[in-house]
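Each residue of the sequence shown is one higher than the last, beginning at 221 in the working numbering.
Cβ atoms here follow ideal geometry from the backbone N, Cα and C, with glycine treated the same way.
Small disclaimer: the values here were computed from a predicted structure and weren't measured.
Notes follow the structure.
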Amino acid sequence: MDASSMATPVVDVLRGPGPWISVSARRLGPAAWAQRPRRGACVITSVPDMEITDTPRTPAERKRRLLERLERERDVWVATADGAGVPCLVALWFAWDGRALWVSTRLTNPTGRDLRQVGRARVAFGDTRDLVLVDGEVDAFPAPEAPEAAVAGLRAKYGWDPRGDSASYAFYRIRPRTVQAYRGEHEMCGRFLMRDGVWVV
């Protein structure tokens, strides 16, 4: 098998204002690169043994699906890092209140410390074929100070009130700043549904 048959697909997304994203752009070569689509364009070039046949969903369809999943899904992956950049990834129960995700975990574990001290998190659903990525800012609430609506949301969904388990539990509100939703290379364009905390769809 020669090198050309093993090439990865070229995904060239140029958007403004940046950042611009270019994946495998160097594989285009000088001539093709000079003819690449300019700002605001997106092209997906398939290669041997790969065909993208699915019709990309519209941004509105993706948002509708996202909101459905925020109500229906049982768990989310929560990725954090401490001040030194040491990462942590855990699966947590969550409740969606229409504007933010609420999770609860112990104050003393790595995720709790990161959420409280760094104040940022990335949240993802488990299905890599129907990807949702949420980057958000975090507000921490000791259990006695947790809003009753957040407590009620977790109790209604799971029958669980963290305040009854341990005094070291806290509640964390993750306010989305950026939301992406896509199912593969063919949906790279239009994957941003929210930027800077504002829905763009």
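**Asked** How long is the line joining the alpha carbons of L351 and A372, rounded to whole angstroms?
**Response** Taking the sequence shown and counting its residues from 1, one reaches residue 351 at position 131. Taking the sequence shown and counting its residues from 1, one reaches residue 372 at position 152. Roughly 28 angstroms separates the two Cα atoms.
**Request:** Select from V421, V418, W322 and Q400 the residue whose C-alpha is nearest the C-alpha of R411.
**Result:** One-based indexing of the sequence shown puts residue 411 at position 191. Out of V421, V418, W322 and Q400, Q400 has the C-alpha closest to the C-alpha of R411.
**Message:** Using 8 angstroms for Cβ pairs, my map puts R333 next to L413. What's the rounded Cβ distance?
**Reply:** What you label residue 333 is simply residue 113 of the sequence shown in a count that begins at 1. What you label residue 413 is simply residue 193 of the sequence shown in a count that begins at 1. So it is not a contact: roughly 30 angstroms between Cβ atoms.
**Item:** Whole-number beta carbon distance between W297 and L286, since they are thought to touch under 8 angstroms
**Value:** On the sequence shown, position 66 is the one that residue 286 refers to. On the sequence shown, position 77 is the one that residue 297 refers to. With a Cβ gap of about 15 angstroms, L286 and W297 do not count as contacting.
**Asked** Would you call the CB atoms of R342 and L335 closer than 8 angstroms?
**Response** As a position in the sequence shown, residue 342 is number 122, starting the count at 1. As a position in the sequence shown, residue 335 is number 115, starting the count at 1. No, they are not a contact pair.
**Request:** Determine contact between the segment 389–403 and the segment 356–363, defined as no fewer than three beta-carbon pairs at a distance below 8 angstroms.
**Result:** yes
**Message:** Residues in the same chain with beta-carbon distance under 7 angstroms from Y181, minus the five sequence neighbours each way, listed in chain order, please.
**Reply:** Only positions 221 to 421 of the chain appear in this structure, which leaves residue 181 out of reach.
**Message:** Along the chain, where does the alpha helix (DSSP H) containing D334 start, and where does it finish?
**Reply:** Locating residue 334 in the sequence shown gives position 114, where the first residue counts as 1. Taken as a continuous stretch (DSSP letters only), the alpha helix (DSSP H) holding D334 covers P330 to Q337.
**Asked** Would you report the Cα separation of E291 and W316, rounded to the nearest angstrom?
**Response** Locating residue 291 in the sequence shown gives position 71, counting from the first residue. Locating residue 316 in the sequence shown gives position 96, counting from the first residue. Roughly 6 angstroms between the two C-alpha positions.
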